[in-house]
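To keep things clear, I will list the structure first and then write my remarks on it.
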Amino acid sequence: MNAIHIKLVTVNYVCRTQDELIRCSKLVSWTVDDLFDNIVYQQAESSQQYFNTGRASEKLPSSETYSMVDLTKLNRTINVFTDVELVRDNLIDKRFQLVEYLSDVDIIFTRKHLNDLTNLCENTQQFINQHPFENIINIKDLLAIICRRTSSSIDKETLQSYSLWLPTTFNLNHELPEFISYFHHREKSAIFS
Numbered sequence: 000m001n002a003i004h005i006k007l008v009t010v011n012y013v014c015r016t017q018d019e020l021i022r023c024s025k026l027v028s029w030t031v032d033d034l035f036d037n038i039v040y041q042q043a044e045s046s047q048q049y050f051n052t053g054r055a056s057e058k059l060p061s062s063e064t065y066s067m068v069d070l071t072k073l074n075r076t077i078n079v080f081t082d083v084e085l086v087r088d089n090l091i092d093k094r095f096q097l098v099e100y101l102s103d104v105d106i107i108f109t110r111k112h113l114n115d116l117t118n119l120c121e122n123t124q125q126f127i128n129q130h131p132f133e134n135i136i137n138i139k140d141l142l143a144i145i146c147r148r149t150s151s152s153i154d155k156e157t158l159q160s161y162s163l164w165l166p167t168t169f170n171l172n173h174e175l176p177e178f179i180s181y182f183h184h185r186e187k188s189a190i191f192s
């Protein structure tokens with residue numbers, strides 16, 4: 000009689016997760032766990048480290064160290080560099096000319112975030128389509144944190160967060176257990192709108 004040997008192969012989809020709560024959070028779809036009923040879903044203010052981690056700091060110029068250039072007074076074509084197809088395809092005014100190299104430009108219109116604003120303002124006097132610290136409003140998790148500061152907390156009865164125009168928002172990289180707890184509380188309260 001031939002014996003059949005069965006070998007099981009398993010995969011640990013959360014193998015790099017050290018924190019036990021985060022591990023349980025990532026496995027919640029495949030487990031039944033009441034652990035999240037006891038987790039506070041109220042969101043706390045993020046630490047200063049959170050705002051600095053994973054983001055390039057910007058070098059800002061002093062307004063006293065550079066002079067303003069009035070492009071309307073130039074007696075030549077204004078050179079524009081862009082990596083934005085919409086701008087490239089529609090900038091047809093004869094006063095502007097698209098160029099390929101950053102060293103030749105008066106205006107930089109780019110999707111890439113430029114961090115060394117000091118160099119741009121003091122050495123090149125190029126105009127750019129960005130504002131210092133604009134990442135606060137155009138990076139979703141930072142915008143949500145700033146907006147949350149305008150309100151108190153999540154209402155315990157209705158589970159509504161405020162301001163009403165901002166849906167309850169969690170950063171799942173940092174607030175996954177709180178998000179699951181919030182979802183479980185909404186589910187138990189039969190609140191799904």
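Every letter in the sequence shown is one number past the one before it in numbering that gives the first Met the number 0, and letter 150, counting from 1, is 149. Just so you know, even glycine gets a beta-carbon here, dropped at the ideal spot from N, CA and C. This structure is a prediction, so every number in the text was calculated from the model and none was measured.
Beta-carbon contacts of residue i that lie in its chain and below 6 Å, excluding the five residues immediately before and after
i	result
Leu90	none
Asp103	Asn78
Cβ-based burial, residue i [other Cβ within 10 Å; buried from 16]
i	result
Asp36	exposed
Pro131	exposed
Ser180	buried
Pro176	buried
Leu174	The sequence as given places Glu at residue 174; Leu does not occur at that position. Result: buried.
Arg147	buried
Gln129	buried
Proximity of residue i and residue j at Cβ, strictly below 9 Å
i	j	result
Leu97	Thr109	no
Ile127	Leu141	no
Inter-residue Cα distance where the pair is residue i and residue j
i	j	result
Ser28	Val68	58 Å
Lys93	Arg75	10 Å
Lys25	Val13	7 Å
Val83	Leu7	51 Å
Thr9	Cys120	56 Å
His183	Leu165	20 Å
Ala2	Asn11	29 Å
Ser56	Tyr40	31 Å
Asp32	Val86	52 Å
Gln125	Arg185	51 Å
Asn139	Thr52	The question names Asn, yet the displayed sequence has Lys at residue 139. Spanning the two alpha carbons is a distance of roughly 15 Å.
Presumed contact (8 Å Cβ cut-off) between residue i and residue j, rounded CB distance
i	j	result
Ile77	Ile107	So it is not a contact: roughly 12 Å between Cβ atoms.
Ser160	Ile153	5 Å
Arg22	Thr30	Contact flag wrong, Cβ pair sits at about 11 Å.
Sequence-distant residues of the same chain with beta carbon closer than 7 Å to residue i, five excluded per side
i	result
Phe178	Phe169, Leu171
Ser45	Ile144
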